[in-house]
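Notes follow the structure.
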Amino acid sequence: MAKASQRGWLLSKNGEQQFLVLRGSTLRVFSAETKKRKIGLPDVILRLDYAEVEALTGQRFEVRTQTPSKASHVFQAKSEEKTREWVMNLSQHIAETKTRFDQYIQILTEGGTAYKYNYSNSKRMRRHFWVDLQKVELCWSKAKSEGEEPQMMSLRDSVGLIYGPMTTTFQRCENLEDLPWTCFSILFSDRTLDMAVPSQMESWFLGLQFYLIGRSNCVSCITEAQFVFRRVYHKLSTSAHKHVLGIVWYL
Numbered sequence: 025m026a027k028a029s030q031r032g033w034l035l036s037k038n039g040e041q042q043f044l045v046l047r048g049s050t051l052r053v054f055s056a057e058t059k060k061r062k063i064g065l066p067d068v069i070l071r072l073d074y075a076e077v078e079a080l081t082g083q084r085f086e087v088r089t090q091t092p093s094k095a096s097h098v099f100q101a102k103s104e105e106k107t108r109e110w111v112m113n114l115s116q117h118i119a120e121t122k123t124r125f126d127q128y129i130q131i132l133t134e135g136g137t138a139y140k141y142n143y144s145n146s147k148r149m150r151r152h153f154w155v156d157l158q159k160v161e162l163c164w165s166k167a168k169s170e171g172e173e174p175q176m177m178s179l180r181d182s183v184g185l186i187y188g189p190m191t192t193t194f195q196r197c198e199n200l201e202d203l204p205w206t207c208f209s210i211l212f213s214d215r216t217l218d219m220a221v222p223s224q225m226e227s228w229f230l231g232l233q234f235y236l237i238g239r240s241n242c243v244s245c246i247t248e249a250q251f252v253f254r255r256v257y258h259k260l261s262t263s264a265h266k267h268v269l270g271i272v273w274y275l
């Protein structure tokens, strides 16, 4: 986990004490009661992709977020110096997050080899996948070339993404041919598009999330930290499952 670049007590818009932790692409907000009970989980996680920060009068600053929905959060520091420090660090984290996610988007436009699982029989096919940014479409073909007409699916009606082999399509597979942490699904109101990406999974999943905000009905989002946690979870679960099967076979 990335080291927190800034943390400290501030006042909310309503004058309540809150403890803020700035780490990576998130700003975590703990109430005084949560901090006192040492629960560990924040009351609110503010995502810094598409976020803006602005210094206000009276030692205050405002953080405006876009994901998962538009919101405004105002905090008050103990001094003007602390306010400037928070604004400077938040601005830096927002800029770094944008640069990182712009790199993800570049990978989506170039595309790469991935597998699409068929809903009817859960069999997979190998294709070259990429995203048409202007049309907001996921495209695939045997090769990304001028001579072949690609298949396309609009992403405008997407309501979110889910990481791992969690959907019915994946669950019907007797023997999943791909590693669980390389699988994800694009969710629609009436269907799913289920894929496995052997490499650059982080770019595909987090990049698609970032790109679809504001361009679709996407309401289901996870942070970079949550993505890493779930990836580790899938790896540990797979390892534990193999270990149990090995013991059963031995017995």
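In this note's numbering, the protein residues as written are 25 to 275. In this text, a Cβ means the ideal position worked out from N, Cα and C, and glycines have one as well. Here the structure is a predicted model, which is why all the values come from computation and not from measurement.
- Shown here for Glu-104: same chain residues with a beta carbon closer than 6 Å to its own, the five before and five after excluded, namely Gln-83 in chain order.
- Straight-line measurement puts the Cα of Phe-43 at about 7 Å from the Cα of Lys-59.
- For Ile-246, no alpha helix (DSSP H) run applies, since DSSP gives it neither H nor E.
- Taking a C-beta distance under 7 Å as the contact criterion, Pro-222 and Thr-247 do not qualify as a contact pair.
- Sequence-distant partners of Gln-195 (beyond 5 residues in either direction) whose C-beta falls short of 8 Å from its own C-beta, in its chain, are Pro-189.
- Arg-150 places its beta carbon less than 7 Å from that of Tyr-139.
- In this structure, Leu-185 lies near Ile-210, with their beta-carbon atoms less than 7 Å apart.
- Separation of the CB atoms of Val-68 and Val-53 is rounded to 4 Å, and the pair is thereby assigned contact status at 8 Å.
- Between the C-alpha atoms of Glu-134 and Val-160 there is a straight-line separation of about 14 Å.
- Taking a contact as a CB-CB distance under 8 Å, the pair His-117 and Ser-29 counts as one, their CB atoms being some 7 Å apart.
- Just measuring C-alpha positions, the residue of Glu-201, Gln-90, Ser-93, Val-111 sitting nearest Leu-80 is Val-111.
- As summarised for the stretch 166-247, the continuous alpha helix (DSSP H) elements at least 4 residues long and confined to that stretch are 192-195, 225-236, given in chain order.
- Within the model, the alpha-carbon separation for Glu-201 versus Gln-130 is close to 28 Å.
- Shortest Cα-Cα distance from Ser-93 to any of Leu-70, Met-177, Tyr-141 involves Leu-70.
- Non-local C-beta neighbours of Val-243 in its own chain, meaning closer than 8 Å and more than five positions away in sequence, comprise Pro-92, Ser-93, Val-183, Gly-184, ordered along the chain.
- Between the alpha carbons of Pro-66 and Glu-198 lies a distance of about 39 Å.
- In this structure Phe-234 touches Phe-125 by the C-beta definition: roughly 4 Å separates them, less than 8 Å.
- In this structure, the beta-carbon distance from Leu-162 to Met-177 falls below 7 Å.
- Note on geometry: alpha-carbon atoms of Arg-148 and Tyr-141 lie some 4 Å from one another.
- Apart from the 5 residues on each side of it in sequence, His-258 sits with its Cβ closer than 7 Å to the Cβ of Gly-188, Pro-204, Trp-205 in its chain, given in chain order.
- Note that the C-beta distance between Leu-34 and Ala-101 is below 7 Å.
- Of the candidates Asn-145, Leu-236, Leu-46, Leu-236 places its Cα closest to the Cα of Phe-212.
- For the set Glu-226, Gly-136, Tyr-128, the Cα lying nearest the Cα of Ala-167 is the one of Gly-136.
- In this structure, the alpha-carbon of Tyr-128 lies about 37 Å from that of Ala-56.
- Inclusion of Thr-107 and Phe-85 in the CB contact set at 7 Å is warranted, their separation being smaller than that value.
- Burial state of Gly-238 is exposed, judged by a 10 Å Cβ sphere holding fewer than 16 other Cβ atoms.
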